[in-house]
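Enquirer: Structure provided below as structure tokens; questions to follow.
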Amino acid sequence: MSTLTYKCPSCAAPLTYDGRAQELTCGSCGNSFDPETVIAINQIEQEDDRPEDMSWQVEDQGFTEEELSQTRAFNCSSCGAQLFMEDTTVATECAFCGSPSIIPAQFTEETRPERIIPFKIEKAQAEAMFRDYFKGRKLIPNLFLKGPNRIEEIRKLYVPYWLFGCQADARMTYRGTTVSTRRSGQYMVTTTRHFLIHRAGTLTFSDLPVDASERLDNTISESIEPFNTKEAIPFAPHTLSGAQANRADVDQDTCQQRANTRVRSTTDSAFRGTVSGYATVVPQSSNIQIVNGTTLPALYPVWLITTKKEGKTYIFAINGQTGEQTSNIPWSRAKFFGRMLGMAAGVAAAGFAAVFVLGMLGVLK
Amino acid sequence: MKRVLMILALLLLLAPLTQAQEMSHVSDLADRLTASERQRLQQQASELFELTGFDVIVHTTNDSQRKGPKDYSFDYYHSFRDAARYPDGALLAIMFDTRDYYEAARGKGISLLTYRESDDLARVVQSKLSDGDYYGAFSGYIRYVRRLLIPPTPMERAISLLPFLLIGGLVIGLVYALVLKGKLKIAKSRVGAQQYVVPNSLNLTDARDLFMYQTVTRRKIETNTSRGGGGGGFSSGSRGGTSYGGRGGKF
Chain A
1 MSTLTYKCPS CAAPLTYDGR AQELTCGSCG NSFDPETVIA INQIEQEDDR
51 PEDMSWQVED QGFTEEELSQ TRAFNCSSCG AQLFMEDTTV ATECAFCGSP
101 SIIPAQFTEE TRPERIIPFK IEKAQAEAMF RDYFKGRKLI PNLFLKGPNR
151 IEEIRKLYVP YWLFGCQADA RMTYRGTTVS TRRSGQYMVT TTRHFLIHRA
201 GTLTFSDLPV DASERLDNTI SESIEPFNTK EAIPFAPHTL SGAQANRADV
251 DQDTCQQRAN TRVRSTTDSA FRGTVSGYAT VVPQSSNIQI VNGTTLPALY
301 PVWLITTKKE GKTYIFAING QTGEQTSNIP WSRAKFFGRM LGMAAGVAAA
351 GFAAVFVLGM LGVLK
Chain B
366 MKRVLMILAL LLLLAPLTQA QEMSHVSDLA DRLTASERQR LQQQASELFE
416 LTGFDVIVHT TNDSQRKGPK DYSFDYYHSF RDAARYPDGA LLAIMFDTRD
466 YYEAARGKGI SLLTYRESDD LARVVQSKLS DGDYYGAFSG YIRYVRRLLI
516 PPTPMERAIS LLPFLLIGGL VIGLVYALVL KGKLKIAKSR VGAQQYVVPN
566 SLNLTDARDL FMYQTVTRRK IETNTSRGGG GGGFSSGSRG GTSYGGRGGK
616 F
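Line by line, the protein sequences give chains A and B. For the first sequence, the working numbering begins at 1 and goes up steadily by one. For the second sequence, the working numbering begins at 366 and goes up steadily by one.
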């Protein structure tokens, strides 16, 4: 025979039933509770105790024989990148490292992109964006301002992504307090009311992209998001015309972890946004299950521009659809603090002069 | 004869200075100040007198003669300094037998000090008196009177505000530099996936806010009964035809 023990919501000590008061009382902290409330809290905690499940269904169909015949593959013997392109596109160098030492490979592409977003930004536009990047940006290191920034390589590349879509089924529990203060004679009485806040529901995500290319840094691929997936078209080898595509060489499980992190973060904040009216809110538990989770391989357009300074290569990437830019060109800390201190000195000097003049005019007494 | 006349003229010129140096501004009957502290306070008050003609006296006693702080201070001030020769001034008395402090003012001092809020006086001296820093309280009081008598020049005011201007400037400078940094398209990871949430897809199936328990804390309200002239109150009276104004409190 098992006995059911209720825990104190305040201090987690066992509660005992007080027959006279018809309340559950805690011998440890001295609080008393309405039995129905304790049962409801217990129920919520049991419901939220379900195992978390953030797994996804993969849609990976593979290439047809016809598609394989229209597609050529290469391996870069310099950096190891695996590339493929339409059979009419002439590849002379690696899209990642620029090395001409690319060798034909047996096309064994097991992941066939389902969708592709065509390029809308032309090469001339991409080059102009790169040149304009250095204009008017005051924290660019002097290294990049001394002379023209020559484009070392500019490459039109389709980057493989996994697109994640799902319904996040979430159960969130928070502890919240409201505080009221009143005066009672010679005392200030502060009453803190403690609440258990429970939220359950779903949030739907669609086409969350995770970069499946090992060659391209995730920070770069995430910085040029978002892509407008409404403009995506079904993949066919001819859609690659004039560009190279990188094989999805990061496995789907690794990409899932990144998708889960981002889904969890947004779900947490969306549900937290439904809790209001409290002085303090502290998350107690968060349980998310992925429902109808699907992953879809896709190719997204990226212009990759490289420039070299003092022997180091810097990457400038442009979203080939929207023109969003990013780079790993650093910022100058010396300029940052110089600008900060310059502005501080200017503001202080102006304030000093204003106080002095107002004092002279007799406005400040 | 010429030399004697020159010496006399020099003595006449130095007479007010000599008089000011001889005037006592410190009356430490309770012996709570060291000799060095007395000397420094004397110097501080003398300088003020030379600059403004305003006479500040600081006084301690262990025996207020059961007169109450106001009457004791008015009487003591009236007897200590000739009102006809030194009509403008103030006396700050500390009465250790009753733990009172009281400021008696006359002439220009009444309009300058008495009618100010007594919280003003408490702010200057009370915490130091409670801490036993009697020299600090007196010194702070003389500085306070000096500030009221000699308003700061525009340059002094600007210099006094310089730390705040620099802090404000640094905050604005930091914001400006961060805005400049934000204009650089530096690659960085995304935290969430807000852009990929289907619009209006948040569907709450359960939203419960369960009251569990409440805690009540009581804090006794500190009532400061020590501010005798508190809340802007002041007293007045006259001694030998001289009007006095006063304010004070307990420490």
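Idealized CB from N, CA, C, for every residue including glycine. In this text the structure is predicted, and so the values were computed from the model without any measurement.
Could you please give the first and the last residue of the uninterrupted alpha helix (DSSP H) stretch that includes B/Lys553?
Expert: B/Lys553 -> no alpha helix (DSSP H), and no H or E assigned at all.
Enquirer: In terms of residue numbering, what span does the alpha helix (DSSP H) encompassing B/Gln407 cover?
Expert: 400 to 417
Enquirer: Using a Cβ cut-off of 7 Å (strictly closer), state whether A/Ser206 contacts chain B.
Expert: yes
Enquirer: Based on Cα-Cα distance, which residue from B/Gly534, B/Lys548, B/Phe445 lies nearest to B/Ala388?
Expert: For the sequence presented, residue 388 of chain B should be read as Met rather than Ala. Nearest C-alpha to B/Met388: B/Phe445.
Enquirer: Closer than 9 Å, Cβ to Cβ, to anything on chain A: give me those residues from the segment 481 to 494 of chain B, in chain order.
Expert: none
Enquirer: Looking only at its chain, what residues have a beta carbon closer than 6 Å to the beta carbon of A/Ala245, apart from the 5 residues adjacent to it on each side?
Expert: Phe84, Tyr158, Leu299, listed in sequence order.
Enquirer: How about A/Phe205 and B/Tyr561: do their beta carbons lie closer than 7 Å?
Expert: yes
Enquirer: Taking 7 Å as the threshold (C-beta atoms), are A/Thr306 and A/Ile318 in contact?
Expert: no
Enquirer: Identify the continuous alpha helix (DSSP H) that holds A/Pro35 and give its terminal residues.
Expert: 35 to 47
Enquirer: Which residues, in order along the segment 545 to 561 of chain B, keep a beta-carbon less than 9 Å from a beta-carbon of chain A?
Expert: Leu545, Lys546, Lys548, Leu549, Lys550, Ile551, Ala552, Lys553, Ser554, Arg555, Val556, Gly557, Ala558, Gln559, Gln560, Tyr561
Enquirer: In terms of alpha-carbon separation, which member of B/Arg488, B/Leu456, B/Val423, B/Phe529 lies closest to A/Ala350?
Expert: B/Phe529
Enquirer: So who's on the other strand from B/Gly613, going by DSSP bridges?
Expert: B/Tyr467
Enquirer: Does the CB of B/Asn565 have a neighbour CB from chain A at under 7 Å?
Expert: no
Enquirer: Would you check if there are 3 or more beta carbon pairs closer than 8 Å linking the segment 33 to 41 of chain A to the segment 564 to 572 of chain B?
Expert: no
Enquirer: For the candidate residues B/Leu539, B/Ser504, B/Ala487, B/Pro516, whose alpha-carbon lies nearest to that of A/Phe337?
Expert: Comparing alpha-carbon positions, the option among B/Leu539, B/Ser504, B/Ala487, B/Pro516 lying closest to A/Phe337 turns out to be B/Leu539.
Enquirer: Got a sec? Which residues, its chain only, sit under 6 Å from B/Ala448 by beta carbon, not counting five neighbours each side?
Expert: Thr607
Enquirer: Roughly how far, in whole angstroms, is the beta-carbon of A/Arg137 from the beta-carbon of A/Gly62, given that I think they are within contact range, below 8 Å?
Expert: About 45 Å separates the two Cβ atoms, so there is no contact after all.
Enquirer: Of the choices A/Thr322, A/Gly311, A/Asn292, whose alpha-carbon is the least far from that of A/Ser55?
Expert: Restricting attention to A/Thr322, A/Gly311, A/Asn292, the CA atom closest to the CA of A/Ser55 is found in A/Asn292.
Enquirer: Using a Cβ distance threshold of 8 Å, determine whether the segment 250 to 265 of chain A contacts the segment 201 to 217 of chain A, with at least three qualifying pairs required.
Expert: Cβ pair count under 8 Å is three or more, so yes.
Enquirer: Which partner residues of A/Pro209 appear in the DSSP bridge assignment?
Expert: A/Leu163
Enquirer: Distance check for A/Gln43 and A/Leu24, CA to CA, integer angstroms please.
Expert: 16 Å
Enquirer: I'd like to know whether the C-beta atoms of A/Phe227 and A/Ile117 end up nearer to each other than 7 Å.
Expert: yes
Enquirer: Roughly how many angstroms separate the alpha carbons of B/Tyr576 and A/Ser10, rounded to a whole number?
Expert: First, the amino acid is wrong: residue 576 of chain B is Phe here, not Tyr. Going from the Cα of B/Phe576 to the Cα of A/Ser10 covers about 12 Å.
Enquirer: Tell me which same chain residues have a C-beta within less than 6 Å of the C-beta of A/Ile197, skipping the five on either side of it?
Expert: Counting only Cβ-Cβ distances below 6 Å, and skipping sequence neighbours, we find Tyr174, Gly176, Val275.
Enquirer: Can you tell me whether DSSP reads A/Glu65 as helix, strand or coil?
Expert: helix
Enquirer: With a Cβ-Cβ cutoff of 7 Å, do A/Asp48 and A/Ser241 count as a contact?
Expert: no
Enquirer: Verify the CB distance criterion: does B/Asn568 have a CB-CB separation below 7 Å to chain A?
Expert: yes
Enquirer: Cα separation between A/His238 and A/Pro301?
Expert: 15 Å
Enquirer: Would you tell me roughly how many angstroms separate the C-alpha atoms of A/Glu114 and A/Glu67, rounded to the nearest one?
Expert: 12 Å
Enquirer: If we ignore side chains and look at the alpha-carbon of each, how far apart do A/Pro148 and A/Glu127 end up?
Expert: 13 Å
Enquirer: Output yes or no for whether 7 Å exceeds the beta carbon distance between B/Arg522 and A/Gly359.
Expert: yes
Enquirer: Measure the CB-CB distance between B/Pro360 and A/Phe356 and report whether it falls below 7 Å.
Expert: Lying before the first or after the last residue shown, residue 360 of chain B is absent from chain B, which here runs from 366 to 616.
Enquirer: Tell me which same chain residues have a C-beta within less than 6 Å of the C-beta of A/Lys335, skipping the five on either side of it?
Expert: Leu139
Enquirer: Could you give the DSSP three-state label for B/Arg511: helix, strand or coil?
Expert: helix
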